[in-house]
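Colleague: Residues in the sequence shown are numbered consecutively from 1, following the UniProt record's numbering. Glycine included, C-beta positions come from ideal geometry on N, C-alpha and C. One structure follows; several queries about it will come next.
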Amino acid sequence: MLHLDTGLGTHFGELGAVPQLAKEAEATGFGAIWAPETKHDPFLPLTLVAEHTSRICFGTAVAIAFPRSPMAFANIGWDLAKFSGGRFILGLGTQVKGHNVRRFSVPWVPPGPRLRDMILAIRAIWDSWQNGTRLNFHSEHYSHTLMTPFFNPGPIEHPDVPIYIGGVNPYMCRMAGEVADGLLMHSLNSVTYIRDVVLPALEQGLQKSGRQRSDFTLRGTVFPVLGETDEEFELARTAVRQRIAFYASTRTYKAVLDASGWGDLTDHLHGMASQGEWEAMGREITDEMLDAFCVTSTPDELGAKLRERFDGLVDRLFLNLTYEPAAKKIDWERLVRELAA
């Protein structure tokens, strides 16, 4: 069984469109709605999602962790959990060094241990609000010791707010299993990487926390190459090759290519990106790579193809729709049913 999730997509910057989009997503049967932090803050539209739906879960995928303090995340997470009746998921991610330092003006330290400390700090804050325990959190990166009644929002009906993290490398997967409730996988992944790297690392973390795989949620993401004609397939393949090349040029994701023996491609693509050769980069992605990182299908056969690849590997699934024309032909209600069967 797979829960199919969706995102705010192109309506993300148009707050007026969010209520209707959220209602349609819930009516279709999607498991969750996710908001990324790219051009806009992810929390504001999710407030509208909470207001205009009653069943569907929703969350950030991901909110960039280090520009905010644990207290800031604790406040917004607590309020959204209360307002939605426990449907909010706090998804956190580290982003890469360049964005932290040059876009957010945040000093860079090893991101994994810092994110671990942040999660534990948020949970300590929530515990103080829910149970009245004295706030006395100390770690290498965060210290929280002050919580007076004036700033304490008090207990809520659904205090166990899930925290997911975005992660790629073994450390992050292992840490997710130890201290988080879910892992949001990057779009650049393969069955080989999930089986040989993600799941073993995740299991190590779960064992350390005394939990089972059933206590944890793994959300996979995949690039569909969709079409019904040769021309549509070729256009879709070209679009997805470009996206894969963009991600594969980032050294953070080199481990994913290493798992399939393509690690040398990262430095090659990184050099091309440095020279602005963006269009040419896509031609470096071979058909074999495309098959490893994507699911190629007609819209009608997509459900069967996704289940064949991901059933038993992940719990939730998100489609990174790079080529929109063919994607508009998907019968989403049918796809949701097929994956949930």
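#1: Where Glu37 and Ile163 are concerned, what is the direct C-alpha to C-alpha distance, given to the nearest angstrom?
#2: My output table needs one value for Ala63: the three-state DSSP class, helix, strand or coil.
#3: Less than 8 Å between C-beta atoms, sequence neighbours within five positions excluded: which residues of the same chain meet that for Gly220?
#4: State buried or exposed for Ser214, treating a residue as buried only when at least 16 other CB atoms are found within 10 Å of its CB.
#5: Among all the DSSP beta bridges, which residues are the ones paired with Pro224?
#6: How far does the beta strand (DSSP E) with Thr6 in it extend, from its first residue to its last?
#7: Would Ala201 and Ile122 be called neighbours here (beta carbons separated by less than 9 Å)?
#8: Using only the alpha-carbon positions, how far apart do Thr53 and Leu80 sit?
#9: My assumption, with CB atoms under 8 Å, is that Leu339 sits in contact with Leu48. Please give the rounded CB distance.
#10: What residue does the beta strand (DSSP E) around Ala32 start on, and which one ends it?
#11: I'd like the ranges of any alpha helix (DSSP H) spanning at least 4 consecutive residues and lying wholly in the segment 191–272.
#12: The alpha helix (DSSP H) with Gly86 in it runs from where to where?
#13: Determine which residues share a DSSP beta bridge with Ser143 and list them.
#14: Among the residues of its own chain, which have a CB less than 8 Å from the CB of Ser209, if the five just before and after it don't count?
#15: Can you name, in chain order, every residue of its own chain whose Cβ lies under 8 Å from the Cβ of Ala50, other than the five neighbours on each side?
#16: Do you know how far the Cα of Trp129 is from the Cα of Thr192?
#17: Which residue wins for smallest C-alpha separation from Gly91, given the options Trp34, Glu228, Ser105?
#18: Counting along the chain, where does the beta strand (DSSP E) carrying Ile285 start and finish?
#19: Within a Cβ cutoff of 7 Å, which residues of the same chain sit near Glu26, ignoring the five residues on either side of it in sequence?
#20: State the Cα-Cα distance for the pair Val96 and Thr252, rounded to the nearest angstrom.
#21: Just checking my contact of Val336 with Phe137 at CB under 8 Å: how many whole Å lie between their CB atoms?
Modeller: Quick look at the numbers:
#1: In this structure, the CA atom of Glu37 is about 16 Å from the CA atom of Ile163.
#2: Correct three-state label for Ala63: strand.
#3: Hits under 8 Å: Met185, Asn189, Ile194, Phe310, Leu313, Val314, Arg316, Leu317, Phe318.
#4: Classification for Ser214: exposed.
#5: Answer by DSSP bridge pairing, in chain order: Val295.
#6: It spans 3–7 - the beta strand (DSSP E) in which Thr6 sits, taken as one unbroken run.
#7: Their beta carbons are not under 9 Å apart, which means Ala201 does not touch Ile122 by this criterion.
#8: If you draw a straight line from the Cα of Thr53 to the Cα of Leu80, it comes to about 13 Å.
#9: Your pair Leu339 and Leu48 does not check out as a contact, with CB atoms roughly 26 Å apart and the cut at 8 Å.
#10: Secondary structure note for Ala32: its beta strand (DSSP E) is the uninterrupted segment 32–35.
#11: Whole alpha helix (DSSP H) segments, 4+ residues: 199–209, 230–248, 254–258.
#12: Element bounds for Gly86: n/a, residue is neither H nor E.
#13: In the DSSP output, where bridge partners are listed per residue, Ser143 has His138.
#14: Same-chain partners within the cutoff: Gly177, Glu178, Val179.
#15: By the criterion of a C-beta distance shorter than 8 Å, Ala50 is surrounded in its chain by Phe58, Leu80, Phe83, Ser84, Arg87, Phe88, once the five residues flanking it on both sides are discounted.
#16: Rounded to whole angstroms, Thr192 to Trp129 spans 43 Å at the Cα level.
#17: A check of alpha carbon separations from Gly91 across Trp34, Glu228, Ser105 identifies Trp34 as the nearest.
#18: Going by DSSP, Ile285 is part of no beta strand (DSSP E) at all; its letter is neither H nor E.
#19: Take Glu26, set aside five residues on each side of it, and the residues of its chain with a beta-carbon closer than 7 Å to its own are Thr53, Arg55, Ile56, in chain order.
#20: About 7 Å.
#21: The Cβ separation is near 40 Å, so there is no contact.
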